[in-house]
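Protein sequence lines correspond, in order, to chains A and B. Okay, so the first sequence: first residue is 9 according to my numbering, each after it adds one. Okay, so the second sequence: first residue is 1190 according to my numbering, each after it adds one. For glycine and all other residues, C-beta sits at the position ideal for the given N, C-alpha and C. Each remark here refers to the structure printed beneath this line.
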Amino acid sequence: DIQMTQSPSSVSASVGDRVTITCRASQGISSWLAWYQQKPGKAPKLLIYAASSLQSGVPSRFRGSGSGTDFTLTISSLQPEDFATYYCQQANSFPLTFGGGTKVEIK
Amino acid sequence: EVQLLESGRGLVQPGGSLRLSCAASGFTFSSFAMSWVRQAPGKGLEWVSAISGSGTSTYYADSVKGRFTISRDNSKNTLYLQMNSLRAEDTAIYYCAKVLKGGATHFDSWGQGILITVSS
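Quick look at the structure:
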């Protein structure tokens, strides 16, 4: 199974800050990586797929990059509605696996 | 607008069985693979199972293989998860999710989730 390791597990940031979250796969997954945002009590929301493709309707301040084993989600200017938990997910092979999550908190 | 609505009994005893349903609307159901993802209370996301659009291919997490069965009825636009031999560690919110068009098994639409509690 492919293990997905996210870091940091939590980050404190202020509105307007640039935030970077990383996700590392235990083996190469090409660009088969997605990022999701989840707010408390809500279902996850797809932000980025295929490592760097922005899902329709998602603000352009979200950017995904990387390939192989190392990936990054960058929020260029954090907005109040961005405080949430973020997960990466690999789709290279079954079983599909998620990272452990990164909670973005208000500083 | 894509809508996914999960349903099923919420509380079941250890060793018991339960079938979850997910009613889909707003898209051509048979054209898309579907999946179940769960989230234990206060924990992260765990993929459970997936099924192709035709229903001929199915996939499972090791943690549920042999106990859970995914299926679909394309005439009813409904996804199912039959859960047998339930354990306390199966307690979670279960989400059904629609797979993104284009090949990658990423999830572009999710249901609101249903809490399943396995307890005596």
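- With its beta carbon less than 8 Å from one in chain B, G109 of chain A belongs to the interface.
- Using a CB distance cut-off of 8 Å, L55 of chain A does not count as an interface residue toward chain B.
- Using a CB distance cut-off of 8 Å, G1302 of chain B counts as an interface residue toward chain A.
- For the set B:S1298, B:I1282, B:I1305, the Cα lying nearest the Cα of K1232 of chain B is the one of B:I1282.
- Against chain A, the CB of F1216 of chain B has no partner CB under 8 Å away; the residue lies outside that interface.
- For D1279 of chain B, the closest Cβ of chain A is not nearer than 8 Å.
- The C-beta separation of F1257 of chain B from S1238 of chain B comes to about 6 Å, placing the pair in contact by the 8 Å criterion.
- For the C-beta of Y95 of chain A, the chain B residues within less than 9 Å are, from N- to C-terminus, G1233, L1234.
- Checking the DSSP bridge columns, you'll see K1287 of chain B partnered with B:M1223, B:S1298.
- The count of Cβ pairs closer than 8 Å, one atom from the region 24 to 36 of chain A and one from the region 74 to 82 of chain A, reaches three, so the stretches are in contact.
- With respect to chain B, the C-beta atom of P52 of chain A has a partner C-beta closer than 8 Å.
- Taking 8 Å as the cut-off, the beta carbon of L62 of chain A is found no closer than this to the beta carbon of D1297 of chain B.
- CA-to-CA, the gap between I10 of chain A and P48 of chain A works out to about 27 Å.
- Contact annotation: G36 of chain A and I56 of chain A have beta-carbon atoms that are not nearer than 8 Å.
- Of all residues in the region 1230 to 1260 of chain B, those with a C-beta nearer than 8 Å to a C-beta of chain A are G1233, L1234, E1235, W1236, A1239, Y1248, Y1249, A1250, D1251, reading in chain order.
- If you draw a 10 Å sphere on the C-beta of A1229 of chain B, you find fewer than 16 other C-beta atoms in it, and that means exposed.
- In the structure shown, the three-state DSSP call for A33 of chain A is strand.
- For the C-beta of Q63 of chain A, the chain B residues within less than 8 Å are, from N- to C-terminus, D1297.
- By the 16-neighbour rule on beta-carbons within 10 angstroms, R1198 of chain B is exposed.
- DSSP lists A:Q97 as the bridge partner or partners of A42 of chain A.
- Judged by beta-carbon spacing, A1277 of chain B lies beyond the 8 Å limit of V1253 of chain B, meaning their Cβ atoms are not closer than that value.
- The C-alpha of F1221 of chain B is placed about 7 Å away from the C-alpha of K1290 of chain B.
- A Cβ-Cβ contact shorter than 8 Å links P52 of chain A with W1299 of chain B.
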